[in-house]
Each structure stands twice: as structure tokens, then as C-alpha cells.
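Participant: Take a look at the following structure, please.
Numbering (my numbering), first residue to last: 47 to 358.
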């Protein structure tokens, strides 16, 4: 219809004038991408692989958007005209619409390959590596993950070293590494040679035989290697008055190194300046390889006792 105009004192209907323009026939659909991926539409009109893009669709058109992450990313969800976290986005173009598609960098996993030399087992914390039989195994862990490996030698074997992993300062059978790339670690075990030496104590002679109160005396101790090969006998320790049988590395009142003893041979070692102490009947213990560092055929026959009396 026309729009009236006041001209002087009269009202002029004037000519017919259009309003603000024809009603829109399409609305814009704007897509924003967060992260790396692409969005396409059905019907066609939007193919978005940059940060922001848009297309026009007829009024009330039903538009389906599909998100596709790039390699190394995962689709996290929609926001704006759609709020679902998975699947496609359905938009009704009843007005100008805005949709955001978010892509998140996928966690990066790296391979840890364990090569095993010798006889033993290697496990990991957190779990994943469990190498028992065979020569190795592998597992994947998240980038930046700190992993502790533990070596357990089999019976008759001992753990030697790690390669590619930092050994613990307090336990050499453990090592720790942080994965920032694919990594290979080698755990080396070796077989313990069969024992061929066997040390025993065949005699103890005290000088004097009955020491004086608070005096000093010496012990002449005969050590024999009754094994089949020469070996170092480790440490010979004595206790001048001990009630119970000593155990490895307890430390005696006095000690001397035994040195090498050939198979079938004996060696007499003298430990002097032993304190007699108070009057009474006492028991002296002698212990060959008292630190238990020598592997022997029999680890239970290394000790001998001598009863003696301290006189007034």
C-alpha cells in the first residue's frame, strides 16, 4: 500500500512504495573449527577445512554436518546450534546459524621394546612389559610416561646390566626411563658358573690354650679347600665368645683375608691380639668366607668352634 505524506494542510497518499525489501530466501550457516579436521554438509554448501567458513541454505532447510578429524586428532563434539559430542550435527535453517566443531589432539603412544639376553624375567610398572620366555617383548605407552623396569634373574643366573635405561642407584635390577619416542632397552643376564671350590675349617689352636683374664691370645686356624679348583677363600672372621652361630656379614671380633687356596690344599692363618676378657668357659667361632661372597659347593660347612677357659 502507499504511505501517506502531509503536504501543507493536505494529506497526499502518494505513489505505492515498497517496504524494507523482499523476505529472505536463505540463511547463512557459519562453521568454526577448533583443532585440526574438516566439516562437510549435506546438502552441499559447506566444505570447511580452515578456521572459519560459511555457506547459505534455503530457509527451513535441514542440513546435516559431518566432522572428520585429521590424523593425530579426535573429534570432541559440537557446540552452537548443535551440542552433541558424537555423530553428525543436524541444523534447521530457520535463521542464521553458527556451529563450532572441536577436534582434540589424540594421545601419542610410543613403543618400548625390551630385548632380553640370558635367562631371566623383566616386568614394567605400569604394566605392559612382561618378558619371561623368549628373547624379548614390546608394549605401547603414552608419550611422557615414566616407566620402571625390574629384572629378575632365573635360578642359576645373575643380572648384569641395562642398556638404554638408567639403573637405580639403590637397586641395580631396576631402571627408569621416560618415553618421548620409540625406545629399545636391553636387559642382560648371565649364567652363574657352577661352584667348584669348597672351604672348610679343619682345626683351631689357641696360644696360649687357656689365656689369662683380660689378657690377649692368638688363634691359629687351618682352612682347607676341599673342592676341585683353586679359589679365593674370602674373609676369615673369629668371635672370641659368641653364644649363637654367626651368619653372613655379621662381622667378627677380628678378621683376615684367606687368599687363594689350591684344590685339596690347606692354609694356616693366625689371628692375634684377641681379647680374653673375664674368667670363664667360652666358645670361639671361626667362619671362613664370613661375608659369603664366594660361591661354593656347600655353603653350610664353613664354620668351626673351639671351647676354651679363661683363667685368673
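For every residue, glycine included, the Cβ atom is placed at its ideal position computed from N, Cα and C.
Span of the beta strand (DSSP E) holding residue 350?
Facilitator: First-last of the beta strand (DSSP E) with residue 350: 349-356.
Participant: Less than 7 Å between C-beta atoms, sequence neighbours within five positions excluded: which residues of the same chain meet that for residue 241?
Facilitator: Around residue 241: 341, 342, 343.
Participant: Where residue 280 and residue 299 are concerned, what is the direct C-alpha to C-alpha distance, given to the nearest angstrom?
Facilitator: Distance between the alpha carbons of residue 280 and residue 299: 16 Å.
Participant: Do you know how far the Cα of residue 336 is from the Cα of residue 293?
Facilitator: Distance between the alpha carbons of residue 293 and residue 336 is about 8 Å.
Participant: Return the first residue and the last residue of the beta strand (DSSP E) that residue 330 is part of.
Facilitator: Its beta strand (DSSP E) spans residues 326-334.
Participant: Which residues bound the beta strand (DSSP E) around residue 186?
Facilitator: From DSSP, the beta strand (DSSP E) with residue 186 extends over 182-188.
Participant: Within 10 angstroms of its Cβ, does residue 238 collect 16 or more other Cβ (buried), or is it exposed?
Facilitator: Looking at its Cβ environment, which holds fewer than 16 other Cβ atoms inside 10 Å, residue 238 is exposed.
Participant: I believe residue 121 touches residue 127 by the beta-carbon criterion, under 8 Å. Please report the beta-carbon distance rounded to the nearest angstrom.
Facilitator: 16 Å between Cβ atoms; not a contact.
Participant: Residue 341 by DSSP, collapsed to three states: which one?
Facilitator: In the structure shown, residue 341 sits in coil (DSSP, three-state: anything other than H, G, I, E or B).
Participant: Are the Cβ atoms of residue 233 and residue 154 separated by less than 9 Å?
Facilitator: Not closer than 9 Å, so no.
Participant: Using a Cβ-Cβ cutoff of less than 6 Å, which residues in the same chain neighbour residue 160 once the five nearest sequence positions on both sides are dropped?
Facilitator: These residues qualify, in order along the chain: 168, 175, 177, 182, 183, 231.
Participant: For the putative contact between residue 268 and residue 249, defined by C-beta atoms under 8 Å, what is the C-beta separation to the nearest angstrom?
Facilitator: About 4 Å separates the two Cβ atoms, so the contact holds.
Participant: Closest to residue 228 by C-alpha separation, out of 191, 302, 276, 180, would be which residue?
Facilitator: Per the Cα distances, 191.
Participant: Of all the options 326, 290, 309, which has the alpha carbon lying nearest to the alpha carbon of residue 350?
Facilitator: Ranking 326, 290, 309 by Cα distance to residue 350 puts 290 first.
Participant: Of all the alpha helix (DSSP H) runs that stay within the bounds of the stretch 114-202, which reach a length of 4 or more residues?
Facilitator: Counting only runs of 4 or more, we get nothing.
Participant: From residue 119 to residue 147, what distance separates their C-alpha atoms?
Facilitator: Roughly 12 Å separates the two Cα atoms.
Participant: Check whether the Cβ atoms of residue 253 and residue 264 lie closer than 9 Å to each other.
Facilitator: In contact: residue 253 and residue 264 (Cβ atoms closer than 9 Å).
Participant: Do residue 98 and residue 77 have their C-beta atoms within less than 9 Å of each other?
Facilitator: Yes.
Participant: Grab me the residues of residue 326's own chain with a C-beta within less than 8 Å of its C-beta, minus the 5 sequence neighbours each way, in chain order.
Facilitator: Correct list, in chain order: 355, 356.
Participant: So, under 8 Å CB-CB, residue 166 and residue 197 are touching, yes? Tell me the CB distance rounded to an integer number of Å.
Facilitator: That pair is a contact at about 6 Å.
Participant: Measuring CA to CA, which of 345, 346, 322 is closest to residue 353?
Facilitator: That would be 322, whose Cα lies nearest to the Cα of residue 353.
Participant: Look up residue 264 in the DSSP assignment and say whether it is helix, strand or coil.
Facilitator: Of the three classes helix, strand and coil, the one that applies to residue 264 here is strand, per DSSP.
Participant: If I measure Cβ to Cβ from residue 203 and keep anything under 7 Å in the same chain, skipping five residues before and after, which residues do I get?
Facilitator: Within the same chain, residue 203 has close Cβ partners 164, 165, 166, 235, 236, 237, 238.
Participant: What's the call for residue 115, buried or exposed, on a 16-neighbour Cβ count within 10 Å?
Facilitator: Label assigned to residue 115: buried.
Participant: Please classify residue 244: does DSSP put it in a helix, a strand, or coil?
Facilitator: Here residue 244 sits in coil by DSSP.
Participant: Got a sec, what are the start and stop residues for the beta strand (DSSP E) residue 87 sits in?
Facilitator: Note, residue 87: beta strand (DSSP E), 83-88.
Participant: Any idea which residues DSSP pairs residue 209 with across the strands?
Facilitator: Bridge partners of residue 209: 232.
Participant: Taking its Cβ as the centre, do 16 or more other Cβ atoms sit within 10 Å of residue 283, making it buried, or is it exposed?
Facilitator: Answer is buried; the Cβ neighbour count reaches 16.
Participant: In angstroms with no decimal places, state the Cα-to-Cα distance between residue 69 and residue 152.
Facilitator: Going by the C-alpha atoms only, they are around 46 Å apart.
Participant: Less than 7 Å between C-beta atoms, sequence neighbours within five positions excluded: which residues of the same chain meet that for residue 347?
Facilitator: Only 246 meet the Cβ criterion.
Participant: Bridge partners for residue 300 per DSSP, in chain order?
Facilitator: Beta-bridge pairing links residue 300 to 284.
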